[in-house]
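Please read the structure below before turning to the comments.
Number of protein chains: 2
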Amino acid sequence: MKKYFNILRKCQLFDGIDDNDLFKMLTCLGAKVIEFDKKYTIIAEQSKATYLGIVLSGSADVVQIDYYGNRSILSKVLTSEIFAEAFACAGVQSIPISVIANEPSEIMLIDASHILHTCSNNCGFHQQLIFNLMKILANKNLEFYERIEITSKRTTREKLLTYLGLQAKRAGSNQFYIPFNRQDLADYLEVDRSGLSAEISKLRQEGVLNSRKNQFELL
Amino acid sequence: MKKYFNILRKCQLFDGIDDNDLFKMLTCLGAKVIEFDKKYTIIAEQSKATYLGIVLSGSADVVQIDYYGNRSILSKVLTSEIFAEAFACAGVQSIPISVIANEPSEIMLIDASHILHTCSNNCGFHQQLIFNLMKILANKNLEFYERIEITSKRTTREKLLTYLGLQAKRAGSNQFYIPFNRQDLADYLEVDRSGLSAEISKLRQEGVLNSRKNQFELL
DNA sequence: GAAATTCTGTTGAATTTTCAACAAAACGGA
DNA sequence: TCCGTTTTGTTGAAAATTCAACAGAATTTC
């Protein structure tokens with residue numbers, strides 16, 4: 100477990116918890132680590148909302164697939180980030196999304212009820228974890244507002260430019276990398292992949308941007 | 100303040116707080132009540148994220164308007180529900196949405212920092228409020244997942260049917276009222292109003308649904 | 001109760017997206 | 001390095017959306 104401490108220290112869930120307590124806490128929480136290969140399902144749609152997950156290495160996608168087979172990427176989860184906490188905290192019966200490993204990944208799973216309910220050992224860290232969860236959930240909410248700002252645009256061009264604008268702002272530079280390939284970006288923006296490729300080409304011709312693979316530059 | 104107690108008891112933020120403590124608590128939190136007429140701005144975009152709000156009477160819309168003037172309705176806030184808590188809890192500099200009164204409404208505003216930080220009076224209720232906020236934020240996250248499930252559909256018809264299906268499920272009946280007029284529904288589904296009207300007419304002709312104003316029946 | 005305002009449904013044209021199919025490029029494994 | 005697989009870009013046709021304009025219905029205001 101100790102080999103993950105450098106990652107866990109960066110995880111917002113453990114803000115304000117000092118290293119000495121972390122190991123004890125993980126034991127008390129019954130945290131377990133599982134490895135997933137690329138494309139493997141970490142959390143399956145319609146399963147029970149028991150666990151929240153932390154990405155120790157690799158990355159994962161939170162996706163939704165409707166009955167026509169159309170895929171939406173709801174969010175990307177990178178190393179040291181947490182996922183599925185909303186379902187576990189809200190105590191839903193059936194999870195409406197899937198979480199899929201994006202590459203070979205090590206995932207820590209924690210039974211959320213162990214965090215939310217005081218344990219018999221009377222550990223003192225529950226309050227801190229609940230406060231951290233509250234912060235994390237508030238920030239996830241903000242991510243959704245951002246995503247809606249993007250996907251509420253009516254054209255592929257507008258969605259793309261809104262997305263790229265936000266990424267540039269985040270990177271603090273007109274040159275930046277995005278964490279998506281074309282199909283994934285299309286599934287995030289809720290548009291057709293081929294139309295997206297065409298739009299990127301057009302914007303390049305118009306001199307609005309440069310791009311090479313997943314590197315973009317706004318001009 | 101006491102006249103609002105029946106509403107406040109229904110507000111999730113005060114779950115587990117007993118009536119005797121509620122009044123004291125509201126004073127300690129510096130809660131204030133303000134009335135807003137229809138269409139008045141309760142929280143303005145780009146303002147500082149200081150307050151969270153509770154609807155004591157009436158209702159409000161959380162909206163986003165882009166530089167083309169296109170309006171999105173992100174969510175509807177009904178009596179006894181809470182809004183803007185994510186921005187206050189996450190401590191953002193500038194709020195990316197506006198909250199607009201949908202009818203004459205009484206709104207309670209609470210400075211979120213008074214909830215998140217223990218006060219000098221050393222009140223014992225902060226932990227409970229933070230736990231409640233965590234629950235509320237988790238549930239708001241679920242609402243977003245639902246909204247994305249709806250708006251990720253590519254056609255007006257699919258968006259509408261997905262939305263109506265969820266409403267029917269929620270109502271536990273094929274007959275139900277929706278809280279939107281046509282324009283508002285279009286702004287929630289992210290589609291064109293006239294196209295939405297046309298689609299509803301077509302579905303009625305096809306025998307898929309009945310509707311009269313904001314009452315719908317799925318057949 | 002009349003007038004003014006708001007809301008809803010309809011229509012056709014212009015724009016845009018989706019879909020399917022294919023070829024070129026990039027990537028990964030043996 | 002070669003081969004098979006995956007990813008990306010292109011294209012044209014079909015389908016759907018948006019936009020603008022208008023008329024009738026419903027609602028509000030005075």
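Those protein sequences? They're chains A and B, same order as listed. Counting the first sequence from 1 gives a position; my numbering is that position plus 99. Counting the second sequence from 1 gives a position; my numbering is that position plus 99. Beta carbons are placed, not taken as given, at the ideal position from N, Cα and C, and that holds for glycine.
Span of the alpha helix (DSSP H) around residue i
| i | result |
| --- | --- |
| ALA64(A) | Here chain A has residues from 100 to 318 only, and residue 64(A) is not among them. |
| ALA187(A) | 184-189 |
| TYR262(B) | 255-270 |
| SER300(B) | 292-304 |
| LYS175(A) | LYS175(A) -> not in any alpha helix (DSSP H); beta strand (DSSP E) instead, spanning 170-176. |
| ASP283(B) | 281-288 |
| ALA237(B) | 225-250 |
| ILE194(A) | Unbroken run through ILE194(A): none, as it is neither H nor E. |
| ILE116(A) | Careful: ILE116(A) lies outside any alpha helix (DSSP H) and carries neither H nor E. |
| ASN201(B) | Note, ASN201(B): premise wrong, no alpha helix (DSSP H); not H, not E. |
| LYS109(B) | 104-109 |
Residue i - containing beta strand (DSSP E), residue span
| i | result |
| --- | --- |
| GLY152(A) | 150-156 |
| SER204(A) | 204-210 |
| TYR276(B) | 274-276 |
| LEU317(B) | 314-317 |
| LEU308(A) | 308-311 |
| ILE142(A) | 140-142 |
| ASP160(B) | 159-164 |
Sequence-distant residues of the same chain with beta carbon closer than 7 Å to residue i, five excluded per side
| i | result |
| --- | --- |
| SER174(B) | VAL161, GLU242 |
| ALA185(A) | LEU236, LYS239 |
| LEU121(A) | PHE104, LEU107, PHE113 |
| TYR262(B) | ILE249, LEU288 |
| LEU228(B) | LEU112, ILE214 |
| ASP118(A) | PHE104 |
Cut-off 8 Å between Cβ atoms - residues of its own chain near residue i, not counting five sequence neighbours on either side
| i | result |
| --- | --- |
| ALA189(A) | ALA148 |
| LEU177(B) | VAL154, SER158, PRO278 |
| ILE194(A) | ILE142, ALA143, GLU144, GLN145, SER146, LYS147, ALA148, ALA183, PHE186 |
| THR255(B) | LEU288, VAL290, ASP291, GLY294, LEU295, GLU298 |
| VAL191(B) | ALA148 |
| TYR150(B) | ILE142, ALA183, ALA187, LEU208, ILE209, ASP210, ALA211 |
beta-carbon residue i near the ligand FAD non-hydrogen atom, thresh 8 Å
| i | result |
| --- | --- |
| LEU241(A) | The model on display carries no ligand, and the ligand FAD is accordingly not part of it. |
Status (buried if at least 16 other CB within 10 Å, exposed otherwise) for residue i
| i | result |
| --- | --- |
| SER204(B) | buried |
| ARG358(A) | Here chain A covers residues 100 to 318 and nothing more, so residue 358(A) does not appear. |
| LYS251(B) | It is Ser, not Lys, that sits at residue 251(B) in the sequence shown. SER251(B) should be labelled buried. |
| ASP136(B) | exposed |
| ILE299(A) | buried |
| PHE224(B) | buried |
| ASN280(B) | exposed |
| ALA143(A) | exposed |
| SER272(B) | exposed |
| TYR167(B) | exposed |
| SER293(A) | exposed |
| ALA285(B) | buried |
Minimum C-alpha distance to residue i - residue among the options
| i | options | result |
| --- | --- | --- |
| LYS138(B) | LEU215(B), ILE199(B), ILE277(B) | ILE199(B) |
| ILE209(A) | GLN145(A), ILE133(A), LYS109(A) | ILE133(A) |
| ILE249(A) | ASP136(A), SER193(A), SER300(A), GLU289(A) | GLU289(A) |
| ALA267(B) | LYS301(B), LEU318(B), MET233(B), LEU295(B) | LEU318(B) |
| ILE196(A) | GLU202(A), ASP283(A), THR140(A) | THR140(A) |
| TYR276(A) | HIS213(A), ARG311(A), MET233(A), LEU215(A) | ARG311(A) |
| ASN169(A) | PHE182(A), VAL307(A), ASP283(A), ILE214(A) | ASP283(A) |
| LYS258(A) | ASP165(B), GLY294(B), ALA187(B) | ASP165(B) |
| ALA183(B) | LEU295(B), VAL307(B), ALA211(B) | ALA211(B) |
| LYS234(A) | ILE181(A), THR254(A), VAL191(A) | ILE181(A) |
| ALA270(B) | ASN309(B), SER171(B), GLN314(B) | GLN314(B) |
Cβ neighbours of residue i in the same chain (closer than 6 Å, five flanking residues each side left out)
| i | result |
| --- | --- |
| SER179(B) | ILE106, LYS109, CYS110 |
| MET207(B) | ALA130, VAL132, ILE153, LEU155 |
| ASP114(A) | ASN231 |
| ASN201(B) | SER158, ALA159, ASP160 |
| MET124(B) | PHE224 |
| GLN274(B) | GLU316 |
- Task: Could you run through the stretch 155-176 of chain A and flag, in chain order, every residue whose CB is less than 8 Å away from some CB of chain B?
- Result: If the cut-off is 8 Å between Cβ atoms, the stretch 155-176 of chain A has GLN163, ASP165, ASN169, SER171, LEU173 near chain B.
- Query: Which residues, in chain order, does the stretch 244-259 of chain B contribute to contact with chain A at a C-beta distance below 9 Å?
  - Reply: TYR244, GLU245, ARG246, ILE247, GLU248, THR250, SER251, LYS252, ARG253, GLU257
- Task: Name, going along the chain, the residues of the stretch 183-198 of chain A whose beta-carbon falls closer than 9 Å to a beta-carbon of chain B.
- Result: GLU184, ALA185, PHE186, ALA187, CYS188, ALA189, GLY190, VAL191, PRO195, ILE196
- Item | Interface residues of the stretch 281-313 of chain A facing chain B [CB-CB below 7 Å] | GLU289
- Under 8 Å (Cβ pairs) to chain A, residues found in the stretch 225-241 of chain B: Residues of the stretch 225-241 of chain B with a C-beta atom less than 8 Å from some C-beta of chain A are GLN226, ILE229, PHE230, LEU232, MET233, LYS234, LEU236, ALA237, ASN238, LYS239, ASN240, LEU241, listed in chain order.
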